[in-house]
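When you line the sequence shown up against this note's numbering, it's residues 89 to 279, in that order. Glycine residues also receive a C-beta, built at the ideal position from the N, C-alpha and C atoms. To keep things clear, I will list the structure first and then write my remarks on it.
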Amino acid sequence: MPPRLTPLRFVRSVMNSFTKDSGLEPRLLGEHFRVTNATNGTVDFELDIQKQHTNRLKTIHGGTLASLVDLGGSLAVASTGRFATGVSTDLNVTYIAPGGVVGDRMTGQAVCDKMGRTLAYTTVKFFNKKGELAARGSHTKYVSKTWENEDYVAPAEFVAPEEEQVKKDEVGTLKKTITTGRESSGVWGRS
Numbered sequence: 089m090p091p092r093l094t095p096l097r098f099v100r101s102v103m104n105s106f107t108k109d110s111g112l113e114p115r116l117l118g119e120h121f122r123v124t125n126a127t128n129g130t131v132d133f134e135l136d137i138q139k140q141h142t143n144r145l146k147t148i149h150g151g152t153l154a155s156l157v158d159l160g161g162s163l164a165v166a167s168t169g170r171f172a173t174g175v176s177t178d179l180n181v182t183y184i185a186p187g188g189v190v191g192d193r194m195t196g197q198a199v200c201d202k203m204g205r206t207l208a209y210t211t212v213k214f215f216n217k218k219g220e221l222a223a224r225g226s227h228t229k230y231v232s233k234t235w236e237n238e239d240y241v242a243p244a245e246f247v248a249p250e251e252e253q254v255k256k257d258e259v260g261t262l263k264k265t266i267t268t269g270r271e272s273s274g275v276w277g278r279s
């Protein structure tokens, strides 16, 4: 039986599936989109804004943000343990402030607000490089067929590598942690 993955590793595995099986995500986002953290129901991500993400005013395009609401909502559903993330029934985006220009890093957070038997409700927020709320969105997904697989188990061809996290301990020593569902650490050296 395949192993259960941590939420972060599992969400990255689902993202691998989007990258390998979809036409949009690899073309629009490529290597510039990263899932930085995931817990049950919440996913943090970042996007290094490139020219293909912008409009003629050279700011991040509203369509890019709408696509990220779609993807973010799907990853929020995945963070609850579902490899199959359902299909969209509703998507909404509100643009609040400039999101950024080429070279900026935009961050975001997607939350699965409620997972029902047939529908999942998600919200996604985007922050510009100043940390200001740039946009927010909601994404409703039909998820009735997503309960058939075991939670946090991904097909082997999509499983992401183990997570590496770098932390400083109380005395300033950098520690590398490889997460496999249990923590182990090795010292990297002093800062």
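For the alpha helix (DSSP H) that contains residue i, what are its first and last residues?
| i | result |
| --- | --- |
| leucine 159 | 150 to 166 |
| phenylalanine 171 | Segment: none, phenylalanine 171 is in no alpha helix (DSSP H) and carries neither H nor E. |
| leucine 135 | Taken as a continuous stretch (DSSP letters only), leucine 135 belongs to no alpha helix (DSSP H), being part of the beta strand (DSSP E) at 130 to 136. |
| proline 114 | 112 to 116 |
| arginine 100 | 95 to 109 |
Roughly how far, in whole angstroms, is the beta-carbon of residue i from the beta-carbon of residue j, given that I think they are within contact range, below 8 Å?
| i | j | result |
| --- | --- | --- |
| valine 175 | lysine 108 | That pair is no contact at about 19 Å. |
| glutamine 135 | methionine 194 | This sequence places leucine at residue 135; glutamine is not what is there. At roughly 5 Å, the Cβ-Cβ gap stays under 8 Å, so leucine 135 and methionine 194 are in contact. |
| glycine 160 | phenylalanine 133 | 7 Å |
| valine 231 | threonine 206 | 7 Å |
| proline 90 | alanine 244 | 6 Å |
| arginine 97 | glutamate 251 | 6 Å |
| asparagine 237 | phenylalanine 171 | 5 Å |
| aspartate 239 | glycine 169 | 3 Å |
| glycine 225 | leucine 179 | 7 Å |
| valine 157 | valine 212 | 5 Å |
| leucine 117 | alanine 242 | With 8 Å as the limit, leucine 117 and alanine 242 do not qualify as a contact, their Cβ atoms being about 20 Å apart. |
I need the boundaries of the beta strand (DSSP E) containing residue i, first residue and last residue.
| i | result |
| --- | --- |
| serine 176 | 175 to 183 |
| arginine 122 | 121 to 127 |
Indicate whether residue i and residue j have their beta-carbon atoms separated by less than 8 Å.
| i | j | result |
| --- | --- | --- |
| asparagine 104 | phenylalanine 246 | yes |
| phenylalanine 199 | glycine 129 | Per the sequence presented here, residue 199 reads as valine, with phenylalanine not at that position. Going by C-beta atoms, valine 199 is nearer than 8 Å to glycine 129. |
| glycine 196 | isoleucine 137 | no |
| proline 95 | serine 155 | no |
For residue i, verify whether its CB is less than 7 Å away from any heavy atom of the ligand NAP.
| i | result |
| --- | --- |
| alanine 244 | The ligand content of the structure shown is nil, which means the ligand NAP is not present either. |
Would you call the segment 141 to 149 and the segment 169 to 185 touching, i.e. three or more CB-CB distances under 8 Å?
no
If you scan the segment 190 to 259 from start to end, which runs of the beta strand (DSSP E) of 3 or more residues do you find wholly inside it?
193 to 203, 207 to 215, 221 to 230, 251 to 256
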